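Asker: Reading the sequence shown from the start, the letters are residues 50 to 296 in this note's numbering.
We put the CB at the ideal spot given by N, CA and C, even for glycine.
Predicted, not measured: the structure shown is a model, and the values here were computed from it.
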Amino acid sequence: MVEPNKIYAVVNQMGFFYPYSPILEGILNVHHDAFAYLLIILTFITFLLVRTLYLFRWNAFISPVLIHHREQMYLEVAWTLLPTVVLIFIGVGSIALLYSLEEPIEPFFTHHAVGHQWYWSYYHPAFYNSFDSCIVNELDLHMGDVRLLEVDNRFVIPVGLHGRLLISSGDVLHSWAMPSFGIKVDACPGRMNQSHLFCKLTGIYHGQCSEICGVGHAFMPIVVQSVESFSFIKYLASFKGLSFIYI
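(1) Could you spell out where the beta strand (DSSP E) holding T159 opens and where it closes?
(2) Evaluate contact between the stretch 230-243 and the stretch 172-189, counting only Cβ atoms and requiring at least three cross-stretch pairs below 8 angstroms.
(3) DSSP three-state call for Q62: helix, strand or coil?
(4) For a test of the three-state rule: what should DSSP assign to V264, helix, strand or coil?
(5) Which first and last residues belong to the alpha helix (DSSP H) in which D82 is found?
(6) Pull up the distance between the alpha-carbon of W167 and that of K249, whole angstroms please.
(7) Could you tell me how far apart the beta carbons of S259 and A236 are, in whole angstroms, since I believe they sit closer than 8 angstroms?
(8) Pop quiz: V273 and E199 are said to be a contact at Cβ under 8 angstroms. What is the actual Cβ separation, rounded to whole angstroms?
(9) Below 8 angstroms, can you find three or more Cβ-Cβ pairs linking the stretch 200-220 to the stretch 262-282?
(10) Just curious, the beta strand (DSSP E) that G212 is in, first and last residue?
(11) If you draw a straight line from the C-alpha of M50 to the C-alpha of Y284, how long is it?
(12) Please go through the same chain and pick out, in chain order, the residues whose beta-carbon is closer than 6 angstroms to the beta-carbon of S292, but skip the five residues on each side of it.
(13) Counting beta carbon pairs with one atom in the stretch 80-88 and one in the stretch 116-133, are three or more of them shorter than 8 angstroms?
(14) Less than 9 angstroms separating the beta-carbons of A175 and W169?
(15) With DSSP run on the structure shown, which of helix, strand or coil describes W128?
(16) For P68 versus F247, is the C-beta spacing smaller than 9 angstroms?
(17) To which residues of the same chain is M269 closer than 8 angstroms at the C-beta, ignoring the five residues directly before and after it?
(18) Go ahead and pull the three-state DSSP assignment for G252.
Take a look at the structure:
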């Protein structure tokens, strides 16, 4: 079997992950829009500061002039409306993204992830199968594996198909986070949260528990492997008990 490309942060990375899901793509679009507005405001404020420093420098020889300040209705309206307009533009994109994340979609598959101290368990309700996903010891790593981000059993999903992930906890608070998908959902004891899963490209994606859950919090990685639909069906058909088959 040929390993697909692995997706994780690299040394000196300055930007975001490539959006491998529509959720992260929407988050990045909202961020870029808001950042563009902030750059415009920063440019304007910087221009005013530089102009003020230049005109009122110590050797400018500007004669003081008495100015009678009176009501400036248009100025008051302008500096009240302009920030309001900027906030409206930012808010519209944010609210649209928020509602799109909660839009009901008929899932092709449903998985259940349960957090434990300090590993994850995954259940396939349709096939009555489950397995535990634990961190791989440093001594057992192979060439190309990522330290503290490899697990013995990967969570496999089909590429290009909508899915649903139900998340809960068996002991304390955890958080199922996958940066490449833009997903971070709390795993709470006695409560079931859900998230929408959709991956655009095949590959291996790394995440971690993002809620401090005890001494082993840093050793609770998440690895999602997206495969073609046929391989996913073949994987489920070959899934027996706690055995795990890489496609």
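Answerer: The short version:
(1) Translated into positions along the sequence shown, residue 159 becomes position 110. Per DSSP, the unbroken beta strand (DSSP E) holding T159 starts and ends at 158-165.
(2) no
(3) Within the sequence shown, residue 62 is the residue found at index 13, counting from 1. It is coil, neither helix nor strand.
(4) Indexing the sequence shown from 1 puts residue 264 at position 215. Residue state, collapsed to three classes: coil.
(5) As a working mapping, residue 82 is identified with position 33 in the sequence shown. Taken as a continuous stretch (DSSP letters only), the alpha helix (DSSP H) holding D82 covers 71-104.
(6) As a first step, residue 167 must be located in the sequence shown, where it is residue number 118. As a first step, residue 249 must be located in the sequence shown, where it is residue number 200. Distance between the alpha carbons of W167 and K249: 29 angstroms.
(7) Translated into the one-based positions of the sequence shown, residue 259 becomes position 210. Translated into the one-based positions of the sequence shown, residue 236 becomes position 187. Going by Cβ atoms, the distance from S259 to A236 rounds to 10 angstroms, so no, they are not a contact pair.
(8) Your numbering for residue 273 matches position 224 in the sequence shown. Your numbering for residue 199 matches position 150 in the sequence shown. Taking 8 angstroms as the upper bound for CB-CB distance, V273 and E199 are not in contact here, some 13 angstroms apart.
(9) yes
(10) Residue numbering aside, residue 212 sits at position 163 when the sequence shown is read from its first letter. From DSSP, the beta strand (DSSP E) with G212 extends over 212-218.
(11) Position 1 of the sequence shown, counted from the first residue, corresponds to residue 50. Position 235 of the sequence shown, counted from the first residue, corresponds to residue 284. Note on M50: pLDDT 36, under 50, position unreliable in the model; the coordinate value appears next. Straight-line Cα distance between these residues: approximately 14 angstroms.
(12) Working through the sequence shown from its first residue, we reach residue 292 at position 243. Per-residue confidence for S292 stands at a pLDDT of 46, beneath the threshold of 50, marking its modelled position as unreliable; the derived number appears in the next sentence. No residues qualify anywhere along the chain.
(13) no
(14) On the sequence shown, residue 175 is found 126 positions in, with the first residue counted as 1. On the sequence shown, residue 169 is found 120 positions in, with the first residue counted as 1. Cβ atoms of A175 and W169: not closer than 9 angstroms.
(15) To locate residue 128, count along the sequence shown from 1; it is residue 79. Residue state, collapsed to three classes: helix.
(16) Position 19 of the sequence shown holds residue 68. Position 198 of the sequence shown holds residue 247. Cβ distance not < 9 angstroms, so P68 and F247 don't count as in contact.
(17) Taking the first residue of the sequence shown as 1, we reach residue 269 at position 220. Hits under 8 angstroms: G164, W167, Y168, W169, I184, H223, Q257, C258, C262.
(18) What you label residue 252 is simply residue 203 of the sequence shown in a count that begins at 1. Three-state DSSP puts G252 in a strand.
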